[in-house]
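For reference, the structure discussed in these notes is given below.
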DNA sequence: AGTAAATTACCGACCAGTCAGTTAGTGACT
DNA sequence: AGTCACTAACTGACTGGTCGGTAATTTACT
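Protein chains in written order, with the numbering used here: chain A, 979 to 1193; chain B, 979 to 1193.
Set out below in structure tokens:
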């Protein structure tokens, strides 16, 4: 269906296949940057190179666009995490390290890292989307880490702890790192950010040391 | 200046001394609940028992009200934390425990716990307020914890670690706990919350165990 | 009577959502 | 190869409602 190559220069191109994803990409940028309420649909459309009317050909409402953004951004990342766990051979400690760094590489450290901020900000105003995000992202994500911690406890690699709490203690810093970047750091109010990889490494070390079966 | 006791029943009371704080209290509730943008000044005024015009007698703009909310909510809490550190006699580990639980008791676990969510959500839209919050709350708060960790390292109670990272690793879970309550939990989408005191206790234990000078 | 506090009614900017009209592409029939 | 009819994609001016902010007026208190 591409009109590619031959003609790139007309405004008013017709590319119904590509529009939705282009609009979603534009919306992700702006939602992350300005928040849901402060984002104008005119701006989203302009960034995607179409008019606002076109946006409404593909999405019923601003909220529908919001949900599409969350879905498209986040499902692939979770799925990839699950893949890593399935394939991994090695100690639970190494798997946790891998998960943490992988999470940063393909989620926290990218523009997708703005999603948690968006969800925290908007959860109460959009319970439907929050529900969806909770089931499809948070629960699955937590399960990944919880399973790994449990595996370490079972094998005697870690001392027995409340798994749910431990996962919270590890994911808390990660999430805050992502939130931080997209709020205070991004607003440029003289904040110098700790180098991410170093922070993650130190956090995981501390965590694993805390979990280590003590003599 | 109270008009108390004698006359409680006329609408249209004149109580210029009390209005600002009542308005700030109402605004805190609504900002935390619905976010800054979604909160109507009519609603703030109504909750404070006055009309919108009255609000403008005491605050220049919605943003000024926002800043007043942040200031009034948060400065006393930080000051109290600093007091605790000054007065404390005992091990660094015990001081950290005390700080964490104190933080929850008089900040995270109260309606003030909604402030971090508010700041994360709005920092980019209000750099001035973000700047203020960063200096007056975050930096001072971090300094509290960082000083304590450093004290533990110096005394040989903790092993040497990157103090800034360690503080992030401890505060991350606390902050997420507060954010969580005011986003996903509050939206009531079938989420059961981990019991806070238990979570905090486990997190601190894990953290202190991770810091313990090894062998 | 005088003034400070509070209210009400109003304005204007803003923006999600709509719709009548425009244009790019397709293919049918010369 | 040309052109014409048709449709689906796209546009942008418009609307109706909302809400931050203001000003004229009323009320409480000294």
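Every residue gets a Cβ at the ideal spot worked out from N, C-alpha and C, and that includes glycine. On a predicted model such as this, the values are computed, not experimentally measured, just so you know.
First and last residue of the uninterrupted alpha helix (DSSP H) at residue i
i, result
"residue 1020 of chain B", "1019-1025"
"residue 1129 of chain B", "1118-1132"
"residue 1149 of chain A", "1141-1158"
"residue 1076 of chain B", "1070-1081"
"residue 1038 of chain A", "Neither: residue 1038 of chain A is in no alpha helix (DSSP H) and is coded neither H nor E."
"residue 1109 of chain A", "1105-1111"
Neighbour-count burial assignment, residue i, 16 or more Cβ in a 10 Å radius
i, result
"residue 1102 of chain B", "buried"
"residue 1155 of chain B", "buried"
"residue 1094 of chain A", "buried"
"residue 1161 of chain A", "buried"
"residue 1013 of chain B", "buried"
"residue 995 of chain B", "exposed"
"residue 1203 of chain B", "The shown model of chain B, from 979 to 1193, leaves out residue 1203 of chain B, and the question about it has no answer."
"residue 1100 of chain B", "buried"
"residue 1035 of chain B", "exposed"
"residue 1108 of chain B", "buried"
"residue 1176 of chain A", "exposed"
"residue 1071 of chain B", "buried"
"residue 1092 of chain A", "buried"
"residue 1086 of chain B", "buried"
"residue 1057 of chain A", "exposed"
"residue 1150 of chain B", "buried"
Identity of the residue in the options nearest residue i by Cα
i, options, result
"residue 1054 of chain B", "B:1032, B:1181, B:1167, B:1084", "B:1084"
"residue 1004 of chain A", "A:1032, A:1072, A:1047", "A:1047"
"residue 1052 of chain A", "A:1186, A:1174, A:1119, A:1171", "A:1119"
"residue 1049 of chain B", "B:1017, B:1114, B:1082", "B:1114"
"residue 1131 of chain B", "B:1092, B:1008, B:997, B:1069", "B:1069"
"residue 1105 of chain B", "B:1133, B:1042, B:1029, B:1031", "B:1042"
"residue 1190 of chain B", "B:1138, B:1175, B:1174, B:1061", "B:1138"
"residue 1128 of chain B", "B:1116, B:1145, B:1117, B:1112", "B:1145"
"residue 1123 of chain B", "B:1109, B:1140, B:1023, B:1110", "B:1140"
"residue 1121 of chain A", "A:1173, A:1089, A:1077, A:1010", "A:1077"
"residue 1148 of chain B", "B:1062, B:1064, B:1187", "B:1187"
"residue 1178 of chain A", "A:1166, A:1171, A:1152, A:1158", "A:1152"
"residue 1157 of chain A", "A:1063, A:1022, A:1088", "A:1088"
"residue 1023 of chain A", "A:1016, A:1065, A:1159, A:1002", "A:1002"
"residue 1165 of chain B", "B:998, B:1011, B:993, B:1037", "B:1011"
"residue 1033 of chain A", "A:998, A:1016, A:1117, A:1081", "A:998"
Three-state secondary structure (DSSP) of residue i
i, result
"residue 979 of chain A", "Low confidence applies here, because residue 979 of chain A scores a pLDDT of 33, under 50, leaving its location unreliable; read the following figure in that light. If DSSP states are grouped into helix, strand and coil, residue 979 of chain A belongs with coil."
"residue 992 of chain B", "coil"
"residue 1137 of chain A", "coil"
"residue 985 of chain B", "The predicted position of residue 985 of chain B is uncertain, since its pLDDT is 38 and thus under 50; a value taken from the coordinates is nonetheless stated next. If DSSP states are grouped into helix, strand and coil, residue 985 of chain B belongs with coil."
"residue 997 of chain B", "helix"
"residue 1193 of chain B", "Interpretation of residue 1193 of chain B is limited by its pLDDT of 43, a score under 50 that renders its predicted location unreliable; the figure taken from the coordinates is listed afterwards. Here residue 1193 of chain B sits in coil by DSSP."
"residue 1180 of chain A", "helix"
"residue 1088 of chain B", "coil"
"residue 1028 of chain B", "coil"
"residue 1187 of chain B", "helix"
"residue 1048 of chain A", "helix"
"residue 1171 of chain A", "coil"
"residue 1102 of chain B", "coil"
"residue 1013 of chain A", "coil"
"residue 1164 of chain B", "coil"
"residue 1058 of chain A", "helix"
"residue 1067 of chain A", "coil"
Proximal chain A residues relative to residue i, where beta-carbon distance stays under 8 Å
i, result
"residue 1108 of chain B", "1161, 1162, 1165, 1167"
"residue 1095 of chain B", "1098, 1099"
"residue 1043 of chain B", "Under the 8 Å cutoff, chain A gives no residues; its nearest Cβ is about 17 Å from residue 1043 of chain B."
Neighbouring residues, chain B, relative to residue i (Cβ below 7 Å)
i, result
"residue 1177 of chain A", "1143, 1146"
"residue 1172 of chain A", "1142, 1143, 1146"
"residue 1019 of chain A", "Neighbours of residue 1019 of chain A on chain B: none; closest Cβ ~15 Å, over 7 Å."
Proximal residues of chain A, C-beta to C-beta of residue i below 9 Å
i, result
"residue 1120 of chain B", "In chain order: nothing, as chain A lies at least about 11 Å away."
"residue 1189 of chain B", "1184, 1187, 1188"
"residue 1139 of chain B", "1180, 1183, 1184"
Under 7 Å from the C-beta of residue i: neighbouring residues of chain A
i, result
"residue 1112 of chain B", "1162, 1167, 1169"
Where residue i meets chain B, residues with beta-carbon distance less than 8 Å
i, result
"residue 1105 of chain A", "1165, 1166, 1167"
"residue 1071 of chain A", "Near residue 1071 of chain A there are no residues of chain B at all, since even the closest Cβ is about 13 Å away, more than 8 Å."
Partner residues on chain B for residue i, Cβ-Cβ distance less than 9 Å
i, result
"residue 1012 of chain A", "1102, 1103"
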